[in-house]
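What follows is a set of notes on a single structure, which appears directly below.
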Amino acid sequence: MNPLAQWAAYAASWDRLLSLIGIEVHWIILQYVLGFPLIILIALLIHYKTGNKHYLKLARTLTKAVGLVFAVGAATGTASEFGLVLLWPNLTEAAGRYIYFPLYAEIFAFLMEVVFVYLLVFGWDKLSPKARIAVALLALTGAWYSASMIVSVNSYMVAPTGIVAAYNPTTGTWKYAQGYPKVLLVVPNKIVAALNVGKLQSLGMEVVGKTGDAVIVLMPSKIVQRLAWEAWNNKYVKDSILLLVLNDAAKSNNALLNTPVKVIVDTILVRTVKQVGPYTVTFLSPVYPGSILHALGAALTVSGFTLLGAYALKLLTAKDEEYRKYAYTAFKFAVYFSLTAIVIQGLVFGHIMGEEIAHYNPEKLAAMEGTSNQILSLSRLTGADKMMPLIIYGNPNAKLPIYDQIPKNYCYLQPRPGLQDCRPPLIIHYIYYTKTGLAVLLGLDALLLLYYVYRGIEIPKLILEANLASPFIVHIVSFFGWATREIGRKPWTIYGIMTVDVAHTPNPAPPALVLLIALYFIALISALGVAVWKLIYVPSLKEEV
Amino acid sequence: MGVPEFFLAFAFGIHILMVNIGIALATIIPFLEWKARKLSDTRLLSNAKNLFKIYAATYGLAGVFGTAFTVFLLSYYPEFIGVAGAVTLYPFGIAILFITLHFFSIVTYWYGWDRFSTNTHLTIGALLAFSAYMIPFGFRSVFAFLNTPTGLLIKGSKLELDLMAALANPTFPPLYLKSIVGALIVGFLFVAAVYAYKKYKGELDDPAIEEELILKPVEIAAVLLVIQAFLGAWYIASLALAAPYKFNNIFAALGLRACGPSPAADYSWLFILKMVFVAAQFLAIIYVLSTAKNGVTATGIEAVKLAAASAALGLITGEYLNAFSQYPYFVAALPQIAAKIPEPWRTLLARALDLRNANILTMDPGLIAFTAVFLAALLAAALYFIYVVFFKGVAEK
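Line order of the protein sequences matches chains A and B. Heads up: the first sequence at position 532 corresponds to 531 in numbering that gives the first Met the number 0, and the numbers run straight through without jumps. Heads up: the second sequence at position 344 corresponds to 343 in numbering that gives the first Met the number 0, and the numbers run straight through without jumps.
Structure below.
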């Protein structure tokens, strides 16, 4: 199997590529907006406690950097927002309709960020040390509040609240024959009255509860995604699979038969969201805790290693002795910070995330671990597959999901252009293992640097030079982490509910234009890199003398 | 007006005012820099740089309230966003690309001041101005589409847009040009008012700067105001032909009636109010220019401030008039074209393009209270920003 070709074969490959580049450009910047305020806050606190001016200088430098990247981040955020509307209008519509609250509440987080980030940038000299600490804390709160909202929406896309996965790790069996994965829905009684419930149960629907006006069910995702496709392709009930599960009275009801499927789907989804809670529905996604911790952990790790690389460069180039002392203090701080961040990220947050994926996205786990005979599996090659059951399930006798046992058709009743293969792309196996390997390398690097700075031994030039690469490597690690999460969800856009072809615009741009826009974003992020170099690094050289 | 419309109008009103000031400042500042460097005029150069601080603040506010507007629109009217997203790839795409370019120009122009070479910096300034004009080119073509959906093609279960036909929308050229000229009027009067305020506070003692940054902007605004009268008439005439429902809602009560749907509401009062603001601008400008033989007089300063305030209020009133006069339709021409739309699109568009069909999940008193509280905070923060940028800095000097 060619993993790259498999990935490209899902619907909307060009627009997926464009979204990947656009959102990654935004994420590259965003990580500093999430990470630097915490470093600024810690540096200001250390300065406040010890009076060490080096930490004040560090905080000031990072504040300038945040001011610069935030402005460009706001622009790329706006581009991402409009990009979602234009490339994935049906997904955007569904998000706006049913899970709007975090997006809505994020506006106020954006306000906090704008006000307090720029108050810190422009009001630095006018603020007292205590006020600076308070403003840095508020800037940090705004950034993390924003992340907590957006990540909740993404978590819902990864595992919608109430999803039941199709794998039993104790027996090592997939449960597709029983209709899994299943989606929690609350169906109003007026719709239930038109349905042949027995027929639906024979297709895998389970009744799990009742309210005064509705029935709570677990519906096979292949039925749910089909209804989503019909809804956004303007089908009527008379042309829908619903016709197969209507009772006799409903089949002769012309008004019902001429009702758009979208109206039926909307009624069910609105009732479901009302039952779960319009304000909490995304935060109750079972993968939310791990997702938000892992996202913040990534931002802190990236910020730490970027700092480490930047001050390694300063140590290599600085000539003024006083300035070297400052650079060494900042470098030492970066080593402690990076090591702490990567250890917690890998061993705690990553572990929580992994457990959640194992329980709620077993198909993705199978692809991540490469449990397939169709590719060269690195986990099998290294023997990692032997340890994984214990790490992931806490049980050495548990069994990893086998990719090759996933039916190609588990997610649909009928194939259609853009939805032929339901299995996630195996390319994420290589992406995930490359990410993990590079992360381990960075952890070892930080450990080695800790040895030098803790013992006060001069760091060899070669090691400092090698660390100039750490900001780039850490970005690759972070990008590959998101790529595993997002690419590994294919063919789903919202797992168990909406596939990529349904989310996609009916009027995509031609590939040449998509490539041009992608290049534009790459040029923009490159120009930002040059601007940071010229506006932050080059002036800092003058400060040495 | 319901709660969604109120929140949308509130966010849009502030956004559009700030954006208009921004378009003008993105033109004025690079021009002042070019002139100052050509004449080696350091005072003019430093004033250009000070104006850029104001520009950054207005742009920040425009960004926050613009984002608030789009998120409100998405939450209250998701079906409209779904339809608009599916057909407006190119017009919105133009706007997005230039928004990112504009942001980038702002950042590099600010941080690159005195760090980049003069030519490089002036080139970035030109980019700043050019991108400022191209953003409304994209957005106003969408607004024109919302007057009448020229270029919309219905192909089975799919909606498409013929871009060239959309750009040939009869309401687009006057709307775009009117928006640009309106932005320049507001912006020039805004700059004049900032410096008039400085003079009032006794912080402006250079007659050359007074001439350059109070009188010249007022003169330019006067010329633009005359041009705007013609553009306004052109836009009204285009509405009479392309969106008679909208035209009739404004002018039927004043005795003018276009061929098409009967008026459903009377917004003539809003039009009259806008005209009052235009008249106030005009009279104030005439007064300033006729009394400024030896510089701006004390009453002239008040007149400049009146002209700027009237321009700002006239701009907001005009935008509200343009939006409300097609209520309850997102597309003003919908009443006259609905019968020609094939099913199922007739039913789907009738639902998606009706402002009365707000998302039921957002119709919760708790959310309304939450929004009101946070919008109040948003406004307080905006005012604090204005205080720091416009007044605190001036007072410290």
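Cβ atoms here follow ideal geometry from the backbone N, Cα and C, with glycine treated the same way.
For the segment 154-177 of chain B, which residues have a beta carbon sitting closer than 8 Å to at least one beta carbon of chain A?
-> Ser156, Lys157, Leu158, Glu159 and Leu160
Taking buried to mean at least 16 other C-beta atoms within 10 Å of its own C-beta, is tyrosine 431 of chain A buried or exposed?
-> Burial check for tyrosine 431 of chain A: the Cβ neighbour count within 10 Å reaches 16 or more, so the residue is buried.
Whole-angstrom C-beta distance between histidine 293 of chain A and phenylalanine 348 of chain A, which should lie under 8 Å | 5 Å
Can you grab the Cα-Cα spacing for the pair leucine 110 of chain A / alanine 8 of chain A, in whole Å?
-> 41 Å
Among B:Pro260, B:Val193, B:Arg36 and B:Val277, which one has its Cα closest to the Cα of alanine 338 of chain B?
-> B:Pro260
Using the C-alpha atoms, what's the distance from isoleucine 493 of chain A back to threonine 281 of chain A?
-> 12 Å
Meets three-Cβ-pair contact criterion under 8 Å: the segment 89-105 of chain A and the segment 53-72 of chain A | Per the Cβ contact rule, the segment 89-105 of chain A is not in contact with the segment 53-72 of chain A (fewer than 3 Cβ pairs under 8 Å).
Exposure of valine 529 of chain A, with buried meaning 16 or more beta-carbon neighbours within 10 Å = Classified as exposed, valine 529 of chain A has fewer than 16 neighbouring CB atoms from the shown chains inside 10 Å of its CB.
Enclosing beta strand (DSSP E) for proline 343 of chain B [first to last residue] | Run containing proline 343 of chain B: none; DSSP gives neither H nor E here.
Mind the definition here: the segment 289-304 of chain B touches the segment 262-277 of chain B only if three or more C-beta pairs lie below 8 Å; say whether that holds.
-> no
With a floor of 3 residues, list each beta strand (DSSP E) that falls wholly inside the segment 179-263 of chain A, ordered by position along the chain.
-> 181-187, 205-209 and 213-219
Backbone CA spacing between leucine 295 of chain A and alanine 254 of chain A [nearest angstrom] = 51 Å
Nearest to isoleucine 341 of chain A by CA position, among A:Pro101, A:Ala298, A:Trp143 and A:Pro388, is which residue?
-> Answer by Cα proximity: A:Ala298.
By a C-beta neighbour count over all protein chains shown, 10 Å radius and 16 as the cutoff for buried, is glutamate 395 of chain B buried or exposed?
-> Note that glutamate 395 of chain B scores a pLDDT of 40, beneath 50, so its modelled location is shaky; the value from the coordinates is reported in the next line. With fewer than 16 Cβ atoms within 10 Å of its Cβ, glutamate 395 of chain B is classed as exposed.
Is the segment 4-19 of chain B close to the segment 65-76 of chain B, with three or more CB pairs under 8 Å?
-> yes
Might you give, ordered along the chain, the residues of its own chain that have their beta carbon closer than 6 Å to the beta carbon of glycine 72 of chain A, omitting 5 neighbours on each side?
-> Ile28, Leu29 and Val32
Determine the burial state of aspartate 124 of chain A: buried for a count of at least 16 other Cβ atoms within 10 Å of its Cβ, exposed for fewer.
-> exposed
Answer with yes or no whether the minimum CB distance from glycine 294 of chain B to chain A is below 8 Å.
-> no
Output the distance between the C-alpha atoms of tyrosine 175 of chain A and tyrosine 409 of chain A, rounded to the nearest integer angstrom.
-> 7 Å
Are the beta-carbon atoms of leucine 375 of chain A and methionine 387 of chain A separated by less than 8 Å?
-> In this structure, the beta-carbon distance from leucine 375 of chain A to methionine 387 of chain A does not fall below 8 Å.
Beta-carbon neighbours of tyrosine 110 of chain B, restricted to chain A and to distances below 8 Å | Leu67, Ala530 and Leu534
Using a Cβ-Cβ distance under 8 Å, would threonine 57 of chain B count as near chain A?
-> no
Residues that tyrosine 166 of chain A bridges to, as DSSP identifies them | A:Trp173
Cβ-Cβ separation, leucine 315 of chain A to leucine 464 of chain A (assumed contact under 8 Å), whole Å | Inspection of the sequence shows that residue 464 of chain A is occupied by glutamate rather than by leucine. Going by Cβ atoms, the distance from glutamate 464 of chain A to leucine 315 of chain A rounds to 7 Å, so yes, they are a contact pair.
How big is the Cα-Cα spacing for valine 303 of chain B and alanine 278 of chain B?
-> 14 Å
Cβ of valine 141 of chain B within 8 Å of any chain A Cβ | no
Could you give the residue range of the alpha helix (DSSP H) that holds leucine 88 of chain B?
-> 88-110
Taking only beta-carbon atoms, is glycine 492 of chain A less than 8 Å away from chain B?
-> The residue you asked about is not glycine; residue 492 of chain A is threonine in the sequence shown. So no, threonine 492 of chain A is outside the interface.
Using DSSP bridges, identify the partner residues of aspartate 353 of chain B.
-> B:Tyr328
Measuring CB to CB, does isoleucine 22 of chain B end up less than 8 Å from isoleucine 179 of chain B?
-> Cβ atoms of isoleucine 22 of chain B and isoleucine 179 of chain B: closer than 8 Å.
Residue of B:Asn118, B:Ser116, B:Ala94 and B:Ala182 minimising C-alpha distance to glutamine 227 of chain B = Nearest C-alpha to glutamine 227 of chain B: B:Ala182.
Return the chain-ordered list of same chain residues with a C-beta closer than 7 Å to the C-beta of alanine 10 of chain B, the five sequence neighbours on each side being excluded.
-> Phe64, Ala67, Phe68 and Phe71.
Does valine 286 of chain A come within less than 8 Å of chain B when only Cβ atoms are used?
-> By this cut-off, valine 286 of chain A is not an interface position.
Coil, strand or helix - methionine 163 of chain B by DSSP = If DSSP states are grouped into helix, strand and coil, methionine 163 of chain B belongs with the helices.
Going straight from the alpha carbon of isoleucine 38 of chain A to that of valine 190 of chain B, what length do you get?
-> Approximately 39 Å, taken between the alpha carbons.
Do the segment 215-234 of chain A and the segment 299-310 of chain A make contact, defined as three or more Cβ pairs closer than 8 Å?
-> no
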